[in-house]
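Asks:
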């Protein structure tokens with residue numbers, strides 16, 4: 495390839511798997527320089543966002559494993575063990591969000607936020623001496639997004655001593671800054687539970703749910719360009735039982751799995767259109783699932799099938815009459831922070 499034009503080499507190398515890129519950087523200085531450029535990483539990332547590059551990462555006690563997805567059976571393939579590159583303890587790592595191969599995680603023994611690429615093993619601590627980048631479970635919320643300038647950013651909503659504060663971390667600037675956050679006073683109650691943010695169409699979306707039967711449920715939106723917050727309604731689901739809404743970006747359209755019920759659970763899939771919710775489908779009541787598995791349940795929708803899975807594998811399949819999806823879209827329920835579906839890329843957690 496030494497005689498090929500640099501443009502041709504660029505086209506070839508931006509199409510190889512991320513792990514091959516890592517090995518290829520040592521071929522020569524010219525390749526190392528090429529594959530370290532922002533343009534190369536951006537194009538390689540865009541070409542990596544395909545189903546064959548999707549992996550399931552699962553953390554169990556001190557073991558972290560990565561599994562390919564077998565699309566013929568829609569199940570997990572053989573695992574490979576990943577060594578966590580940062581100091582951690584048993585059941586210490588919570589995965590809060592993921593985007594383009596990067597995971598935003600929290601170390602529970604220190605409450606530090608980190609950005610981590612499990613493919614390259616590179617990571618970046620986001621905490622500062624003045625306690626920015628410190629995440630408190632059950633009180634805080636985190637959203638992860640990339641702006642138009644390809645700067646990866648973390649939105650951290652903090653609830654402390656009866657006050658809400660919000661901060662944005664910039665990977666480009668390696669800096670946290672405070673931004674205005676306005677919401678209703680009653681949402682300061684610890685009875686309200688925030689979901690992780692879901693990035694879709696230039697907006698981060700969070701569900702904010704009151705933790706009892708008949709409580710208030712809303713969706714909080716953060717426009718990444720104006721950095722303004724607003725509130726929209728929850729789908730019109732019955733409030734006679736437990737209510738849980740989980741958001742997912744499907745082909746840049748926001749969807750919500752809304753779970754309602756008590757002893758018998760019903761799950762509906764809704765789609766957001768112009769701040770209004772449209773019901774896409776309803777599933778029959780799901781089979782009984784032991785309480786010990788609820789924290790690990792993940793739902794995948796692809797090619798007309800809806801899969802309910804845990805770290806142990808597939809529980810059951812629901813056939814749905816909806817538009818086909820080319821790849822798996824993950825939805826992690828409740829506090830199932832021990833796994834993620836990610837795409838293998840060479841995106842760096844730091845500049």
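In our numbering, the protein residues as written are 495 to 845. C-beta: ideal position from N, C-alpha, C; glycine also.
Can you give the Cα-Cα distance for residue 753 and residue 598, rounded to whole angstroms?
Replies: 26 Å
Asks: Going by beta carbon distance, what residues of the same chain come within less than 8 Å of residue 616, once the five residues before and after it are set aside?
Replies: Around residue 616: 579, 610, 842, 843, 844.
Asks: Give the secondary structure of residue 704 by DSSP, where H, G and I count as helix, E and B as strand, and everything else as coil.
Replies: strand
Asks: Any idea which residues DSSP pairs residue 745 with across the strands?
Replies: Paired residues: none, contrary to the question.
Asks: Which of the three DSSP states, helix, strand or coil, is assigned to residue 607?
Replies: strand
Asks: Classify residue 524: buried if its beta carbon has 16 or more other beta carbons within 10 angstroms, exposed otherwise.
Replies: Only exposed fits residue 524, as fewer than 16 other CB atoms lie within 10 angstroms of its CB.
Asks: Using the three-state DSSP reduction, which class does residue 772 fall into: helix, strand or coil?
Replies: strand
Asks: Do you know offhand how far residue 839's Cα is from residue 741's?
Replies: 24 Å
Asks: Relative to the C-alpha of residue 720, which candidate in 662, 700, 601, 553 has its C-alpha closest?
Replies: 662
Asks: Locate the alpha helix (DSSP H) running through residue 580, then write down its first and last residues.
Replies: Run containing residue 580: none; DSSP gives neither H nor E here.
Asks: Run the CB neighbour count on residue 689, radius 10 Å, all protein chains shown included, and call it buried at 16 or more, exposed below.
Replies: Classification for residue 689: buried.
Asks: Should residue 692 be labelled buried (16 or more other beta-carbon atoms within 10 Å of its own) or exposed?
Replies: buried
Asks: Give a yes or no on whether the C-beta atoms belonging to residue 837 and residue 548 are separated by under 8 Å.
Replies: yes
Asks: Do you know offhand how far residue 551's Cα is from residue 834's?
Replies: 5 Å
Asks: Buried or exposed for residue 674, going by 16 or more other Cβ atoms inside 10 Å?
Replies: exposed
Asks: If I follow the unbroken alpha helix (DSSP H) through residue 728, where does it start and stop?
Replies: It is not in any alpha helix (DSSP H) - residue 728 carries neither H nor E in the DSSP assignment.
Asks: Can you say whether residue 699 is buried or exposed, counting buried as having 16 or more other CB atoms within 10 angstroms of its CB?
Replies: Buried: at least 16 other Cβ atoms inside 10 Å.
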